[in-house]
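From first to last, the protein sequence lines are chains A and B. Under the numbering used here, the first residue of the first sequence carries the number 12, and numbering increases by one thereafter. Under the numbering used here, the first residue of the second sequence carries the number 12, and numbering increases by one thereafter.
2 protein chains.
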Amino acid sequence: MKLTPSTTSIIKRLLIGRNNRPLLSILSKIEPADLASLFKILNDREKHLFIDALLSIGRLKEVLLTIPDGQLKELIKSIETNQLKKLLQDTSADEAAHFIGLLPPESPKYKELLNTLPENKKRKVLQCFSYPEGSAGRIMQTHVFTLPAHLSAQEGLEELRKKAQKESIYYIYCTNNQGQLIGVISLRQLATAPPDTTLESIAKKEVISVSPTDPADEVASLVAHYDFIALPVVDENKKLLGIVTVDDVVDIIQEQVTANIYAQAGLQEDDRVYTPPLKSIKNRLPWMFLNLLLAALASSVLSLFEDTMQELILLAVTKNIVAGISGNTAIQSLTVVTRGLATEDFNFITKTKAILKEMIVGISLGFFVGLGGAALIYLWKGNTLVSVVIFISMLLNSIVASGFGSMVPLVLKKLNFDPATGSGVLVTTATDIFSFFSFLGIATLGLKWIH
Amino acid sequence: MKLTPSTTSIIKRLLIGRNNRPLLSILSKIEPADLASLFKILNDREKHLFIDALLSIGRLKEVLLTIPDGQLKELIKSIETNQLKKLLQDTSADEAAHFIGLLPPESPKYKELLNTLPENKKRKVLQCFSYPEGSAGRIMQTHVFTLPAHLSAQEGLEELRKKAQKESIYYIYCTNNQGQLIGVISLRQLATAPPDTTLESIAKKEVISVSPTDPADEVASLVAHYDFIALPVVDENKKLLGIVTVDDVVDIIQEQVTANIYAQAGLQEDDRVYTPPLKSIKNRLPWMFLNLLLAALASSVLSLFEDTMQELILLAVTKNIVAGISGNTAIQSLTVVTRGLATEDFNFITKTKAILKEMIVGISLGFFVGLGGAALIYLWKGNTLVSVVIFISMLLNSIVASGFGSMVPLVLKKLNFDPATGSGVLVTTATDIFSFFSFLGIATLGLKWIH
Numbered sequence: 012m013k014l015t016p017s018t019t020s021i022i023k024r025l026l027i028g029r030n031n032r033p034l035l036s037i038l039s040k041i042e043p044a045d046l047a048s049l050f051k052i053l054n055d056r057e058k059h060l061f062i063d064a065l066l067s068i069g070r071l072k073e074v075l076l077t078i079p080d081g082q083l084k085e086l087i088k089s090i091e092t093n094q095l096k097k098l099l100q101d102t103s104a105d106e107a108a109h110f111i112g113l114l115p116p117e118s119p120k121y122k123e124l125l126n127t128l129p130e131n132k133k134r135k136v137l138q139c140f141s142y143p144e145g146s147a148g149r150i151m152q153t154h155v156f157t158l159p160a161h162l163s164a165q166e167g168l169e170e171l172r173k174k175a176q177k178e179s180i181y182y183i184y185c186t187n188n189q190g191q192l193i194g195v196i197s198l199r200q201l202a203t204a205p206p207d208t209t210l211e212s213i214a215k216k217e218v219i220s221v222s223p224t225d226p227a228d229e230v231a232s233l234v235a236h237y238d239f240i241a242l243p244v245v246d247e248n249k250k251l252l253g254i255v256t257v258d259d260v261v262d263i264i265q266e267q268v269t270a271n272i273y274a275q276a277g278l279q280e281d282d283r284v285y286t287p288p289l290k291s292i293k294n295r296l297p298w299m300f301l302n303l304l305l306a307a308l309a310s311s312v313l314s315l316f317e318d319t320m321q322e323l324i325l326l327a328v329t330k331n332i333v334a335g336i337s338g339n340t341a342i343q344s345l346t347v348v349t350r351g352l353a354t355e356d357f358n359f360i361t362k363t364k365a366i367l368k369e370m371i372v373g374i375s376l377g378f379f380v381g382l383g384g385a386a387l388i389y390l391w392k393g394n395t396l397v398s399v400v401i402f403i404s405m406l407l408n409s410i411v412a413s414g415f416g417s418m419v420p421l422v423l424k425k426l427n428f429d430p431a432t433g434s435g436v437l438v439t440t441a442t443d444i445f446s447f448f449s450f451l452g453i454a455t456l457g458l459k460w461i462h
Numbered sequence: 012m013k014l015t016p017s018t019t020s021i022i023k024r025l026l027i028g029r030n031n032r033p034l035l036s037i038l039s040k041i042e043p044a045d046l047a048s049l050f051k052i053l054n055d056r057e058k059h060l061f062i063d064a065l066l067s068i069g070r071l072k073e074v075l076l077t078i079p080d081g082q083l084k085e086l087i088k089s090i091e092t093n094q095l096k097k098l099l100q101d102t103s104a105d106e107a108a109h110f111i112g113l114l115p116p117e118s119p120k121y122k123e124l125l126n127t128l129p130e131n132k133k134r135k136v137l138q139c140f141s142y143p144e145g146s147a148g149r150i151m152q153t154h155v156f157t158l159p160a161h162l163s164a165q166e167g168l169e170e171l172r173k174k175a176q177k178e179s180i181y182y183i184y185c186t187n188n189q190g191q192l193i194g195v196i197s198l199r200q201l202a203t204a205p206p207d208t209t210l211e212s213i214a215k216k217e218v219i220s221v222s223p224t225d226p227a228d229e230v231a232s233l234v235a236h237y238d239f240i241a242l243p244v245v246d247e248n249k250k251l252l253g254i255v256t257v258d259d260v261v262d263i264i265q266e267q268v269t270a271n272i273y274a275q276a277g278l279q280e281d282d283r284v285y286t287p288p289l290k291s292i293k294n295r296l297p298w299m300f301l302n303l304l305l306a307a308l309a310s311s312v313l314s315l316f317e318d319t320m321q322e323l324i325l326l327a328v329t330k331n332i333v334a335g336i337s338g339n340t341a342i343q344s345l346t347v348v349t350r351g352l353a354t355e356d357f358n359f360i361t362k363t364k365a366i367l368k369e370m371i372v373g374i375s376l377g378f379f380v381g382l383g384g385a386a387l388i389y390l391w392k393g394n395t396l397v398s399v400v401i402f403i404s405m406l407l408n409s410i411v412a413s414g415f416g417s418m419v420p421l422v423l424k425k426l427n428f429d430p431a432t433g434s435g436v437l438v439t440t441a442t443d444i445f446s447f448f449s450f451l452g453i454a455t456l457g458l459k460w461i462h
């Protein structure tokens, strides 16, 4: 059943009227991801009833699992402790770890929920928390369908049929007596193999795997690079600990990209539309103060040329044109190179060639736009000196901007910094200052030469 | 086998030495995605030999299929026609369409390759080209494993075993006599169902599907939203035409994201590190000229205040501080709201609430940074008037910047424009102009009041 405006208003009415029978029948027909989006239109009381309804048809877990971590963090705080307790009864250890891990560890809820878990599950949850945040160990599912390598294909299929799994099966992993991963078989291979072949003989032996402490975004890149639908996580003895699946990877890629786009604007990843204002202010204020200092620094450069500007106020009026254009040239080179690093475009070109190309492009743009700018100022104010200065300084600036813009991310990457973070500020402040120097410097020389 | 620097140099040497036996044995052990990345380090002659080697072990197709379209477009132009002909012999109709579709339709290669295809395959390729570029029809695989709905689970498994498929199987689609899609079964369900149940009774009937003309990026969002690993494509009569798989979706999401990041910097999606300079210049020049005009427009506003700036040159020196800070405030609100739209954060908050929140944040930032700016100028130049003007105008600007920054993407979305494209320029030009007006306007009033 599709979620339409009329369905949602019916659901709202049934929630308030506590018409349980028809409500539960509708809710059981809707896709979990669509149920998740209902949370947006419900008020607190309706949310409470909605969660109760989902719990009673046993669907709260699958609905919450479709919500990305950033959003779920806010939502889970507003779910009541006894509702969360009911939720946890139906979860595997890694699902429980996923939900509890979103709560602040110092909150009483966190401790209370952890203590309601059976001893065995609690141990597994704590094991999961022992991996660093944002690592493969934190996002892997530990319920993996494995088959002993010595079975025949026929026996393997019977095993599969016997153990009706709750989780989807992506690949079938073959293990030996020690639980070590020795190969992987696709379901199709298993189903199509001659019944009496051993699994060991059909399994692919060179399995690409990750360690539980590997960062989740590196795991995501691997999955995307190889077009896998799941990747096994093994410990240092090759023992299979769990798998990371492609649907989690899609979420990670989207989060990763948010982080990159945000870094350009000096924002933290967890600063979203639904973040409380106070948190956003705290997040953004340091960045704004850095900005203030950099802008003041650029102003202090301008201050050196006060006399020149006073003599020809048109220079003060037009200097932002040169600064704006060269800032943009730098940002364009920066974006192309940063994105090239992120999407592995550099597999197809060397770094020197990329820098050279950006500089050719930058200088050509500087030439044409400089000509345009000079013509525009001449037509508007009829001042030849300012026109010539604009042209020369735009040409000079485009060399600096494109060279600097393309080199900064490569250097940051080399130094093991994230090339997306901070490059923008660094590069635009540098081009601002250089453009003020060159534009007003050349103008000062020009004025002297005229006198 | 992993691709290490030493492996790659061995491969290079074997390529030039034409040592075929060891070369082919190494190449057959490396993952296709890793082979694809070898293209970066090979010169034209080596590339030619490498392609021949991949053709002779029948792996060129799978290697090329791991390369995203944008990169493959450049590469495929450099592959020789007779190599491409060999490649096409081994492809399905939709793979052939994928490769040929990357060539410019006016090129002689395009026509020649199309004409070497058997009549039946050529018809299918032309059918694929009949869907608009960037649609689901262009990226779907048409080889789908289907089972007639009336079979029993046992018969279904036997069918599966008989037809050893070349393609991976994601889900099993059930069709009726007319080829209409009537349900979907997972491989696990098929393998674990009681042998004599009919497929119809175990299939999930409400299948979410797309049409071949639906844009690929909408299909990608659906797959990501529902955590599917494949999505069926059906025509208006529910006839199953093909499937779009999650590995293609990961590529689409990455391309989509590149497009968004690029739009912020006024770049076209196909402007990458490996794009020839001339193409990049053509792409970026119109945007730079637009930028020149907008900067000139801002300058013409400044020009209105020439007298004020001449009287107090410090105003000309410091005006960029106010413009810079309010530009940043606007970009931050813009980024948070645009990203919120893209990642469905708005499922968890209303638009009015989001705008209100951004304005509260913006005003608070303006207050604190304004105080900081005023203090800085007072300490540096000791000018009370300029300090007061900075504080007042930063406060005013932060209201305009955060309000405007958060509303523009929402309005663009409402008008069915892409909120990521163009918002940046629009918003920063507006804040530039408003900041010049308010800063110099208030200063002019202040100077008058002093006299």
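Every residue, glycine too, gets a C-beta built ideally from N, C-alpha and C. These figures come from a predicted structure and were not determined experimentally.
Item	Value
So within the segment 418–455 of chain A, which uninterrupted alpha helix (DSSP H) runs reach at least 4 residues, ignoring any that extend past its ends?	none
Taking the C-alpha atoms as reference points, what is the distance between B:LYS364 and B:LEU192?	43 Å
Using 9 Å as the threshold, is the C-beta distance between A:ILE342 and A:GLY457 below it?	no
Based on the DSSP output, what are the partners of B:SER89 in its beta bridges?	DSSP, once it has assigned bridges, lists no residue as partnering B:SER89.
Pull out every residue of the segment 36–53 of chain B whose Cβ sits closer than 7 Å to any Cβ of chain A, in chain order.	GLU42, ALA44, SER48, PHE50, LYS51
Spell out the partners DSSP gives B:ILE196 in its beta bridges.	B:ILE183
Tell me where the alpha helix (DSSP H) around B:GLY381 begins and ends.	362–392
Please state whether DSSP places B:LEU242 in a helix, a strand or coil.	strand
Could you check whether the segment 26–37 of chain B touches the segment 336–352 of chain A, counting it as contact only if at least three pairs of C-beta atoms, one from each stretch, sit closer than 8 Å?	no
Can you tell which of B:ALA227, B:THR286, B:VAL397 has its C-alpha closest to the C-alpha of B:LEU325?	B:VAL397
Just mark B:THR208 as buried or exposed, buried being the case when its beta carbon has 16 or more other beta carbons within 10 Å.	exposed
Tell me whether B:VAL312 counts as near the ligand GDP, meaning its Cβ is closer than 8 Å to at least one heavy atom of that ligand.	Looking at this structure, you won't find the ligand GDP or any other ligand, since it has none at all.
Are B:ILE332 and A:LEU303 touching if we call contact CB-CB under 9 Å?	yes
Using beta-carbon positions only, say whether A:VAL255 and A:VAL230 come within less than 9 Å of one another.	yes
Which stretch, first to last residue, makes up the beta strand (DSSP E) that contains B:ILE254?	251–256
Keeping to the same chain, check which residues put their C-beta closer than 7 Å to that of A:SER409; ignore five residues upstream and five downstream.	SER337, THR340, GLY373, ILE374, LEU376, GLY377
Grouping DSSP H, G and I as helix and E and B as strand, with all else coil, what is A:LEU313?	helix
Kindly indicate which residue of A:LEU76, A:GLU355, A:ILE150 has the alpha-carbon position closest to the one of B:TYR237.	A:LEU76
Tell me which residue opens and which closes the beta strand (DSSP E) that A:PRO159 is part of.	157–159
Strictly below 7 Å CB to CB, what residues from chain A border B:THR329?	SER310
Counting only runs that start and end within the segment 21–63 of chain B, where is the alpha helix (DSSP H) found for 4 or more residues in a row?	31–38, 43–49
Check each candidate in B:LEU289, B:VAL419, B:ASN126, B:LEU26 and name the one with the smallest Cα separation from B:PHE61.	B:LEU26
Just verifying my parser: in three-state terms, what is the DSSP assignment at A:VAL136?	helix
According to DSSP, what are the bridge partners of A:LYS215?	A:VAL195
Pull out every residue of the segment 358–385 of chain A whose Cβ sits closer than 7 Å to any Cβ of chain B, in chain order.	ASN358, PHE359, ILE360, ALA365, LYS368, ILE371, VAL372, SER375, LEU376, PHE379, VAL380, GLY383, GLY384
CB-CB under 7 Å to A:ARG283, same chain, minus the five flanking residues each way: which ones, in chain order?	GLY81
Just verifying my parser: in three-state terms, what is the DSSP assignment at A:SER67?	helix
Using a Cβ cut-off of 8 Å, pull out every chain A residue sitting near B:ASP238, in sequence order please.	ALA44, THR77, ASP258, VAL261
Whole angstroms are fine: how far does the CA of B:TYR389 sit from the CA of A:PRO223?	54 Å
Nearest by alpha-carbon distance to B:SER449: which of B:ALA385, B:VAL257, B:LEU421, B:LYS330 is it?	B:LYS330
Let me know the secondary structure DSSP gives B:VAL221 once reduced to three states.	strand
Report yes if the CB atom of B:ALA353 is closer than 9 Å to the CB atom of B:ASN271, and no otherwise.	yes
Counting only Cβ pairs nearer than 7 Å, list the residues of chain B close to A:GLY69.	Chain B residues near A:GLY69: none, gap ~17 Å exceeds 7 Å.
When the Cα of B:TYR182 is compared with those of B:SER212, B:THR440, B:THR157, which residue comes out closest?	B:THR157
With DSSP collapsed to three states, give me the class of B:GLN152.	strand
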